[in-house]
Structures are given as C-alpha cells and as structure tokens.
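Participant: Right, I'll just put the structure down here and ask away after.
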Amino acid sequence: MVLAEELAKQQRSISVAEFFEKNKHLLGFDSPTRGVITTIKEAVDNALDACEEAQVLPDIYISIKKTGPEIFRIIVEDNGPGIVPAQVPFVFGKLLYGSRFHQIRQTRGQQGIGISAAVLYAQLTSGLPTVVISRTGVKEQAHKFGIQIKIETNEPDVISEQPFEWDRIHGTRVQIEFKSTMSAKKKLLEYLRYTSIVNPHARFRVELDDEAFTFERVSQEVIACPVAIQPHPHGIEFGQLKRMAAASDEKLIDFLVNGFSRVGKKTAQEMCDRAGLKVTAKVAGLSADELKNLLAAMQAVAVPAPPTSQCLSPIGEDLIRRGLDKEFQMDFVAARTRPSSVYSGHPFVVEAAIGYGGRLEAEGNATILRFANRVPLMYQQGACAITECIANVNWKSYNISQQGLPLGPVLILVHVASTNVPFTSESKDAIADIPEIEKEIVLALQDLGRELKTFLSRRDRNKLAEDRARAVCAVIPEIAAKVSEIVEKPVVDTTPIEGRLMRKLIAKKWTRDGKVTIEANNYTASDVEISVYDISADNAADADMPPAFSTEMDGQFTKVWKMAIPKQTVWRVTYTGKGGGMLDIRGIEDNKKMVVDLDV
Ligand SMILES: Nc1ncnc2c1ncn2[C@@H]1O[C@H](COP(=O)(O)OP(=O)(O)OP(=O)(O)O)[C@@H](O)[C@H]1O
Numbered sequence: 009m010v011l012a013e014e015l016a017k018q019q020r021s022i023s024v025a026e027f028f029e030k031n032k033h034l035l036g037f038d039s040p041t042r043g044v045i046t047t048i049k050e051a052v053d054n055a056l057d058a059c060e061e062a063q064v065l066p067d068i069y070i071s072i073k074k075t076g077p078e079i080f081r082i083i084v085e086d087n088g089p090g091i092v093p094a095q096v097p098f099v100f101g102k103l104l105y106g107s108r109f110h111q112i113r114q115t116r117g118q119q120g121i122g123i124s125a126a127v128l129y130a131q132l133t134s135g136l137p138t139v140v141i142s143r144t145g146v147k148e149q150a151h152k153f154g155i156q157i158k159i160e161t162n163e164p165d166v167i168s169e170q171p172f173e174w175d176r177i178h179g180t181r182v183q184i185e186f187k188s189t190m191s192a193k194k195k196l197l198e199y200l201r202y203t204s205i206v207n208p209h210a211r212f213r214v215e216l217d218d219e220a221f222t223f224e225r226v227s228q229e230v231i232a233c234p235v236a237i238q239p240h241p242h243g244i245e246f247g248q249l250k251r252m253a254a255a256s257d258e259k260l261i262d263f264l265v266n267g268f269s270r271v272g273k274k275t276a277q278e279m280c281d282r283a284g285l286k287v288t289a290k291v292a293g294l295s296a297d298e299l300k301n302l303l304a305a306m307q308a309v310a311v312p313a314p315p316t317s318q319c320l321s322p323i324g325e326d327l328i329r330r331g332l333d334k335e336f337q338m339d340f341v342a343a344r345t346r347p348s349s350v351y352s353g354h355p356f357v358v359e360a361a362i363g364y365g366g367r368l369e370a371e372g373n374a375t376i377l378r379f380a381n382r383v384p385l386m387y388q389q390g391a392c393a394i395t396e397c398i399a400n401v402n403w404k405s406y407n408i409s410q411q412g413l414p415l416g417p418v419l420i421l422v423h424v425a426s427t428n429v430p431f432t433s434e435s436k437d438a439i440a441d442i443p444e445i446e447k448e449i450v451l452a453l454q455d456l457g458r459e460l461k462t463f464l465s466r467r468d469r470n471k472l473a474e475d476r477a478r479a480v481c482a483v484i485p486e487i488a489a490k491v492s493e494i495v496e497k498p499v500v501d502t503t504p505i506e507g508r509l510m511r512k513l514i515a516k517k518w519t520r521d522g523k524v525t526i527e528a529n530n531y532t533a534s535d536v537e538i539s540v541y542d543i544s545a546d547n548a549a550d551a552d553m554p555p556a557f558s559t560e561m562d563g564q565f566t567k568v569w570k571m572a573i574p575k576q577t578v579w580r581v582t583y584t585g586k587g588g589g590m591l592d593i594r595g596i597e598d599n600k601k602m603v604v605d606l607d608v
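Counting from 9, one number per residue, gives the positions in the sequence shown under our numbering.
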C-alpha cells in the first residue's frame, strides 16, 4: 500500500530524552512550581541515599534564590562519598542511568531518571547548563562540570570541565537553574519538614531567598545501609528469568541456588523435578518452553519469604515519635512498626503513627503524611492506596469523627518501606493498591486507633473529675463561712483541703504519647519521693538513682526510681516508657500519696 510506504518513511526511533522532554508530567515536572519541589526532592533523595551508602550522618545544604525574572537557582550540597569524575556526565546528563535499578534493596532512587530529568527541565526552560562539583576524598581533586543532555541521543553534553578548589573533603554540589515561581514555598518547607521526620539522622540547612531554616537531626546514629538481596522465585517474571538464564553459564541447580533468594539445594531439586528438567542441564541451553515450565515450578514450590532484616530500613517506633514530636507539638503520639511482609516476592514493612491534639488544626480533615522508602509523597493524595486505607478504617469506633477521611486535630503518618515500592507512575507520587500492603496499613492504623481511644477516654475522665473537684473547691469557702457562723467560731482556712483535692488531679495531667508529665503545684512537703513501679511486679525493688536529679528524666519502663527532690512549688517529671504501670508520688512530711496510673 502506498500509505504504508508513506508511513514507513516517517517511522523512526525516539530517544528517552525526547520522550521525557514531551512528557515532563510523568516525571513530576508538570508545572514550573512543582518543578522546584521535584528538583529539590530528586537531589535530596540522591544526597540521602549517597550518605547512607557512605555511612555518614547527612548534612545537606539547600539554597533557592531568584537570579532573574522568573529564573530560580537551586543548589543542593551533600557530604556523601562524591562521584568519580568519569561518571559525573552520565549521572547528570543521561536519563535512565543509575546504580540502583538492578539492586533489590530499599533505596529512595530506583530508576536512574530523577536528577537527569531536572537537568533536562533546566535546559528546556532556562537554557542553562547544570553545574556539578564533586569530590571523592581528601587526596582527590574536586572537579567542576557544566552539563546538558543531547536530546536526540540521550547522551551527556559536557559544556565545561575543570579542577576546582573545594574545602569539602567529600561530597557533591548540584546547581540547577530554571524558570519558575516560588508560590510553592509553603509546600517546599512542608516537604523538607516531612523529610526530616522520616530521616531523623539527617540535618538540613535551608536558605530560601533571604530566610534561613535548619531542620536539626534528633538521632546521632548512622542508619545501616540496606544490603541487596537476590530476586525471590515468587517475584520473577518470564522475561527476567530468560535474561538471567541467557547470561548464566551455570548448571540449573547452581543457577537456582546462587541466583535466587531462599533457594537451597533441596528446593532447587524439587523445582527441577516439577519442571521435568535435569539438575545438571546448562541453564543457557534451555528452550523457551522449558523456561516456562521452570518458572511455573519456581512459583509452585513453597519457598520461605525473602529475608527482610538487611534489605529494608524501617525508621522504628521510637524515632518516628521523636521526629513527630520535634515538628508537631501534640498531646499524644503513638507509632507502630509492623512485622515485615511480602507481596509478589518483594519484601516490605509498614510503619504508621497517630498524633492528636496540641497545635493540630481542630477543624477540617486530619493531617495525612504519606511516605515511601523515607521519602514524603507530596502529590496525588487521592490516588494513593495509603489514603484509601485511612478512609476505610472506621474511625468513629475510636471516638474520632469521620467523613471518608478522619476529621479534627488528628495526624496520621504511614510509611511503606520496600525493595520495590509499587508506585502508580514514574513521578513516584502515589502507591498502587496492593492487597498485602493495604492489609498491613489497615492493621497498623486499627492498632493505633485503639491506643488513641484509650488516651481520649482517659483524658475525658480526668477532665470530668477535674471539673467536679473545681466545683467542690468553689463552694468549700462558702460552706466554711456558713459553718463558722452557725458554730460561732472563727472561719477556718480551707486552702489545704482545696490544695489536696486539686493536687491529686493536677498530678494526673497527661502530655504527649509515651510520656506523662506530673506537675504538683503548691506541694507542701519539703521532700518528695518518686517511685515508678512496673505494674507486673508487686514488690518492685529500688533501682539506681539517676546520677543527678533532673526534673526531666527519661527511662525504660521497667526501672524504678526513688529519690528525694528539693521542695519546689512546681516540679515536673517526664517519664518515657511503654506498657502500663503505676507512678507513686509521696510527700515525706505528710506521707500523702498521689498515685498516677501510667498507660503509655
Ligand atoms: N549526590 C550524589 N552522590 C553520589 N552519587 C549520586 C548523587 N546523585 C546521584 N548519584 C548517582 O547517580 C545515579 C543516578 O541518579 P538519579 O537521580 O538520576 O537516579 P536514581 O536516584 O538512581 O533513581 P530515581 O530516578 O528513581 O531517582 C544514582 O543511582 C547514584 O548512583
């Protein structure tokens, strides 16, 4: 046909760079304002991944400055391992070039597109090359590059390269300039704030025009870098198996044992038998039909779930609470890290937290914080499985009002960590509906809901008792006056009685999750003993006193303290622990007890 010939003349291949130049939205560059956030996100993700690989505490500097009409200069600098000069042009000037695509472990970056997409966006909007400075060690010379991407071939275009005097010993600095507006300032700060919550070991210094912010780290511990595992036989597809087989010179049994996670000799033998193949057969020589049989057998034989302890890096309940405490002042926070689980052979862990009260907005929808592999998901909330799971929980049964999503001063955080987070698109904004993941999210949220309900009912009970005591205290002086009139005696001083009534209640003041703050106002004893008893131990022994008395003391719950403190009008003990227990406060002089139940 003539038309077919005509069409044939027009047919040609398209470079990846050309494709993404036209489809910027797929990578999160759908608007100039969003471009700023996406660029910073990509550079910060890389910086955090690199620091994790180098086992250093991340110290990340971010600067955003207006340099011309609608032109913004973004700088992100890290103290990671740096990039060897020969690789710099490819990392920044070639899409789909990276170190993590083939590794099965939890990382922020996966595709090898992120930062080069920002370089592409910059050259498209401002025409300016991206400037990269990198240094890999004290003995190495830093190099400075000017880089763009050759769109037609998706190859790096090195505009300039020269040695550079840099006082940093190791690290990378990226400078990208593009057309934008800064109307996304609030969202940007929100992104950084959320990033610092799930990366409590990182410090972020930010300069935004003339304002400076620091998001300080709350943990000094370097997090272990996740270790890559082999693919799991239940998580592999035909094409991948075919490729692996073609590249192998092993016998079938060795190929299965060495190439796949959790496959031992016995399991491999069972797979071969089921597929009707000899264990000694050369895997590269298998036909397509034989490979299909092998794949079916691999998926039919029971294989333990892939190991998760090293390939995943969950944040942990304590650090999630500390991260949230730092950024949101709430009355209650609880966190859960669920046991690890698997979907289609990919290991994952769900973590969640709930916060209530304090400075959270009392009106409107709850604050929802979604994370995947320690990266905040800032867009497409409605399309994300996390949001769907939150809406599917019956919050009313936990005394939280709800209209789809929960309402009121509630914060919900969900973190999905996996070797392969199932995003709905390359811009990595939303998580797809995977039943196994959804089940874990809902279980974590229900568990936290129950904990929140306990807190809310206790708070309401205490409030009721306090209101009653206040009402009684209000009439005591009047009763005393009346009684003195009747018995014709001077009016007695009723303040100690009122004090005792109120004191007991003040001691029951609750603060944030995991902590109870006891404030005793106008306590009359000169010394006070504080004992924290584990509810499970009837005769809890005295434990070592903390070296120096501090009005703020932290401890594990099983500890018991007994100490004397000097008389103070107001004193405060902050107790951090988990589980239930009793806190017993006793004034030595009048031997009056104030007992506070702990249920933290
Ligand atoms: N600051 C950095 N320090 C060290 N290495 C880096 C840094 N930035 C990027 N890299 C290297 O460059 C590669 C490509 O980065 P890029 O952002 O394009 O993709 P990615 O992070 O691997 O994946 P994704 O597209 O999912 O973000 C990374 O895999 C990493 O090896």
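Every residue, glycine too, gets a C-beta built ideally from N, C-alpha and C.
A quick note: this is a predicted structure, and the numbers were derived from the prediction, not measured.
#1: Ignore the nearest five residues each way along the sequence and tell me which others in L216's own chain have a CB closer than 6 Å to its CB.
#2: Report buried or exposed for N547, applying the criterion of at least 16 other Cβ atoms within 10 angstroms of its Cβ.
#3: With a cut-off of 8 Å on the beta carbons, I'd call P234 and Q318 a contact; round off their distance for me.
#4: Which same chain residues end up closer than 8 Å to S465 when comparing Cβ atoms and leaving out the 5 residues on each side of it in sequence?
#5: Quick one: using the 10 Å Cβ neighbour count with 16 as the cut-off for buried, is V469 buried or exposed?
#6: At 4 residues or longer, and completely inside the region 119-207: list those alpha helix (DSSP H) runs for me, N to C.
#7: Following the continuous beta strand (DSSP E) through E359, name the residue where it begins and the one where it ends.
#8: Look at the Cβ atom of T316, then the Cβ atom of V357, and state whether they are nearer than 9 Å.
#9: Quick check on A342: does DSSP put it in helix, strand or coil?
#10: Are the CB atoms of G120 and G609 within a distance shorter than 9 Å?
#11: Return yes when at least one heavy atom of ligand 1 lies under 8 Å from the C-beta of R116, else no.
#12: Take L385 and list the residues in its own chain whose beta-carbon comes closer than 8 Å to its own, dropping the five residues that flank it on each side.
#13: If we call anything under 9 Å between Cβ atoms a contact, is Q664 one with T427?
#14: Is the region 73-89 close to the region 182-193, with three or more CB pairs under 8 Å?
#15: Rounded to whole angstroms, how far is the Cβ of F263 from the Cβ of S269, which I believe are closer than 8 Å?
#16: Please report the distance separating the alpha-carbon of A232 from that of H209.
#17: A62 to Y351, Cα distance in whole Å?
#18: Considering only heavy atoms of ligand 1, does any lie closer than 8 Å to the CB of E50?
#19: I'd like to know whether the C-beta atoms of A360 and I445 end up nearer to each other than 9 Å.
#20: Excluding sequence positions up to five away, which residues of its chain have a Cβ less than 7 Å from the Cβ of Y202?
#21: Exposed or buried, F340, counting other C-beta atoms within 10 Å across all chains shown (16 or more means buried)?
#22: On the DSSP bridge assignment, give the partners of D86 in chain order.
#23: Which value, in whole angstroms, describes the spacing of the CA atoms of I484 and E369?
#24: Would the beta-carbon of S142 fall within 9 Å of that of V84?
Facilitator: According to the data block:
#1: One-based indexing of the sequence shown puts residue 216 at position 208. For L216, the CB contacts under 6 Å within the same chain, skipping 5 residues up- and downstream, are I72 in chain order.
#2: On the sequence shown, residue 547 is found 539 positions in, with the first residue counted as 1. Low confidence applies to N547: its pLDDT is 29, below 50, so where it sits in the model is not reliable enough to give any reading.
#3: On the sequence shown, position 226 is the one that residue 234 refers to. On the sequence shown, position 310 is the one that residue 318 refers to. About 7 Å; that satisfies the 8 Å criterion.
#4: Position 457 of the sequence shown, counting from 1, holds the residue named residue 465. Shown here for S465: same chain residues with a beta carbon closer than 8 Å to its own, the five before and five after excluded, namely N407 in chain order.
#5: Stepping through the sequence shown from its first residue, residue 469 is reached at position 461. Going by the sequence as given, residue 469 is Arg instead of Val. Exposed, because fewer than 16 other Cβ atoms sit within 10 Å of the Cβ of R469.
#6: Counting only unbroken stretches of 4 or more residues, the alpha helix (DSSP H) elements lying wholly within the region 119-207 are 122-133, 193-206, in sequence order.
#7: What you label residue 359 is simply residue 351 of the sequence shown in a count that begins at 1. E359 -> beta strand (DSSP E) spans 354-364.
#8: On the sequence shown, position 308 is the one that residue 316 refers to. On the sequence shown, position 349 is the one that residue 357 refers to. Contact check for T316 against V357 passes: the beta carbons are separated by less than 9 Å.
#9: The residue given as residue 342 occupies position 334 in the sequence shown. DSSP, reduced to helix, strand and coil, places A342 within a strand of the structure shown.
#10: Past the edges of the chain, shown from 9 to 608, lies residue 609, and the structure says nothing about it.
#11: Taking the first residue of the sequence shown as 1, we reach residue 116 at position 108. Checking the 8 Å criterion, the Cβ of R116 is within range of a heavy atom belonging to ligand 1.
#12: Walking along the sequence shown from the start, residue 385 turns up at place 377. Hits under 8 Å: R378, F379, C392, I394, K436, D437, A438, I439.
#13: The structure shown does not extend to residue 664, since the chain is modelled only from 9 to 608, so the question has no answer here.
#14: Using a C-beta cut-off of 8 Å, the region 73-89 makes contact with the region 182-193, since at least three inter-stretch Cβ pairs fall below that distance.
#15: Start at 1 with the first residue of the sequence shown, and residue 263 comes out as number 255. Start at 1 with the first residue of the sequence shown, and residue 269 comes out as number 261. About 13 Å separates the two Cβ atoms, so there is no contact after all.
#16: Position 224 of the sequence shown, counted from the first residue, corresponds to residue 232. Position 201 of the sequence shown, counted from the first residue, corresponds to residue 209. Spanning the two alpha carbons is a distance of roughly 11 Å.
#17: What you label residue 62 is simply residue 54 of the sequence shown in a count that begins at 1. What you label residue 351 is simply residue 343 of the sequence shown in a count that begins at 1. For the pair A62 and Y351, the Cα-to-Cα distance works out to about 30 Å.
#18: Here the question's residue 50 lines up with position 42 in the sequence shown. Result yes, Cβ under 8 Å from ligand 1.
#19: As a working note, residue 360 is residue 352 in the sequence shown. As a working note, residue 445 is residue 437 in the sequence shown. No; because the gap between Cβ atoms is not below 9 Å, this pair is not in contact.
#20: The sequence position of residue 202 within the sequence shown is 194, counting from 1. Around Y202: L377, P384.
#21: Position 332 of the sequence shown holds residue 340. Answer is buried; the Cβ neighbour count reaches 16.
#22: What you label residue 86 is simply residue 78 of the sequence shown in a count that begins at 1. Its beta-bridge partners are T180.
#23: As a working note, residue 484 is residue 476 in the sequence shown. As a working note, residue 369 is residue 361 in the sequence shown. Whole-angstrom Cα-Cα distance: 38 Å.
#24: Numbered from 1 along the sequence shown, position 134 holds the residue referred to as residue 142. Numbered from 1 along the sequence shown, position 76 holds the residue referred to as residue 84. V84 sits away from S142, with the two beta carbons spaced by 9 Å or more.
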